[in-house]
Amino acid sequence: MHIRDWPSDERPREKLLSRGPTILSDAELLAIFIGSGSRGMDAVQTARQLLGQHGPLRALLECPPAALAQLPGLGPARACSLAAALELGQRVLAAELARGVLVSDPDAAGRHFAQRLRHQPREVFAVLFLDTRHRALAFEELFSGTIDGAEVHPREVVRRALAHNAAALIVGHNHPSGNPEPSAADRAVTQRLRQALELVDIRLLDHLIIGDGAPVSLAARGWV
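Residue numbers (my numbering): 1 to 224.
Here it is in structure tokens:
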């Protein structure tokens, strides 16, 4: 059965228009980009096959555009559309930071860190510097390491915070394994950072761990 023959409330485009994009599965979102299927499959079946063979979604979208173009069901035009959509998302976040967006919502900070760090193949530690009203001043990736960890130097974090005249900051790093559960080392470095920043009257608001799914907030767990 072709997608146009599905009940209207089950078609990906109609679902998106009536209920919003968050209700769609990874395969349904990907199917909207694909547009049509291949080899007797509709777009959703083709998307499921792509995710099954080259997924999950994060791994698929981290492929370079040239590699995406070689996958069955995509090709150069669709691969370019996917790469362009990802870059648009990156630029929207960059524009928000440039405007000094107010980071009062923990979810907003989580989106910033996830967009910047989730695709990294190695662990990267980054800092979002904020002013007294918690408006974004700058975002910097300060430390990177192996797939298992990055060494964090609180002195360097303090130095960069003072250079930006920051009053507060949010730190975050990715877990390339995809498991965002904080480790004992994550909790320990959080306490070291908080203590170092307190000496210069700068608040550490949160430490976010980025993996698959939603970011994990150490502040929400009472560990900051």
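Glycine included, every Cβ here is placed at the ideal spot set by N, Cα and C.
With 16 other CB atoms within 10 Å as the buried threshold, where does Glu28 fall? Position 28 of the sequence shown, counted from the start, is the residue given in the question as residue 28. Buried.
Can you have a look at Val216 and say buried or exposed, based on whether 16 or more other CB atoms are within 10 angstroms of its CB? Looking up residue 216 in the sequence shown gives position 216. Burial call: buried.
The beta strand (DSSP E) that contains Leu137, what's its start and end? Here residue 137 refers to the residue found at position 137 when the sequence shown is read from its first residue. Taken as a continuous stretch (DSSP letters only), the beta strand (DSSP E) holding Leu137 covers Ala136 to Ser144.
Rounded Cβ spacing between Leu218 and His173 (contact assumed at less than 8 Å): Indexing the sequence shown from 1 puts residue 218 at position 218. Indexing the sequence shown from 1 puts residue 173 at position 173. At roughly 11 Å, the Cβ-Cβ gap does not stay under 8 Å, so Leu218 and His173 are not in contact.
Taking only the alpha-carbon atoms, compute the straight-line gap between Asp42 and Leu86 and give it to the nearest angstrom. Here residue 42 refers to the residue found at position 42 of the sequence shown. Here residue 86 refers to the residue found at position 86 of the sequence shown. When rounded, the distance between both Cα atoms is 24 Å.
Straight-line gap, Glu151 to Pro72 (C-alpha atoms, nearest Å): Translated into the one-based positions of the sequence shown, residue 151 becomes position 151. Translated into the one-based positions of the sequence shown, residue 72 becomes position 72. Distance between the alpha carbons of Glu151 and Pro72 is about 41 Å.
Of the residues Leu162, Leu169 and Ala108, which one's Cα is nearest the Cα of Val92? Locating residue 92 in the sequence shown gives position 92, counting from the first residue. Checked all of Leu162, Leu169 and Ala108; the closest Cα to Val92 is Ala108.
Roughly how many whole angstroms lie between the Cα atoms of Leu30 and Leu82? Numbered from its first residue, the sequence shown carries residue 30 at position 30. Numbered from its first residue, the sequence shown carries residue 82 at position 82. For Leu30 and Leu82, the distance between alpha carbons rounds to 9 Å.
Answer with buried or exposed for Glu156, where buried requires no fewer than 16 other C-beta atoms within 10 angstroms of its C-beta. Within the sequence shown, residue 156 is the residue found at index 156, counting from 1. Result: exposed.
Does the beta-carbon distance from Leu142 to Ala136 come in below 8 Å? For the purposes of this step, residue 142 is identified with residue 142 of the sequence shown, where counting begins at 1. For the purposes of this step, residue 136 is identified with residue 136 of the sequence shown, where counting begins at 1. In terms of Cβ geometry, Leu142 and Ala136 do not form a close pair [threshold 8 Å].
So the beta strand (DSSP E) Val200 belongs to, where does it begin and stop? Looking up residue 200 in the sequence shown gives position 200. Per DSSP, Val200 belongs to no beta strand (DSSP E) and is neither H nor E.
Could you give the distance in angstroms between the alpha-carbon of Pro12 and the alpha-carbon of His164? Taking the sequence shown and counting its residues from 1, the one referred to as residue 12 is at position 12. Taking the sequence shown and counting its residues from 1, the one referred to as residue 164 is at position 164. If you take the alpha carbons of Pro12 and His164, they lie about 45 Å apart.
For the beta strand (DSSP E) containing Gly172, list its first residue and its last residue. Stepping through the sequence shown from its first residue, residue 172 is reached at position 172. Per DSSP, Gly172 is one residue of the beta strand (DSSP E) stretching across Ala168 to Asn174.
From this set, Gly222, Asp212 and Ala220, which residue's C-alpha is nearest Ala59's C-alpha? Taking the first residue of the sequence shown as position 1, residue 59 is located at position 59. For the residues Gly222, Asp212 and Ala220, the minimum Cα distance to Ala59 belongs to Asp212.
Three-state secondary structure (DSSP) at Asp107? Numbered from its first residue, the sequence shown carries residue 107 at position 107. Helix at Asp107.
Taking only the alpha-carbon atoms, compute the straight-line gap between Arg78 and Pro21 and give it to the nearest angstrom. Against the sequence shown, residue 78 aligns to sequence position 78. Against the sequence shown, residue 21 aligns to sequence position 21. The straight-line gap from Cα to Cα measures roughly 19 Å.
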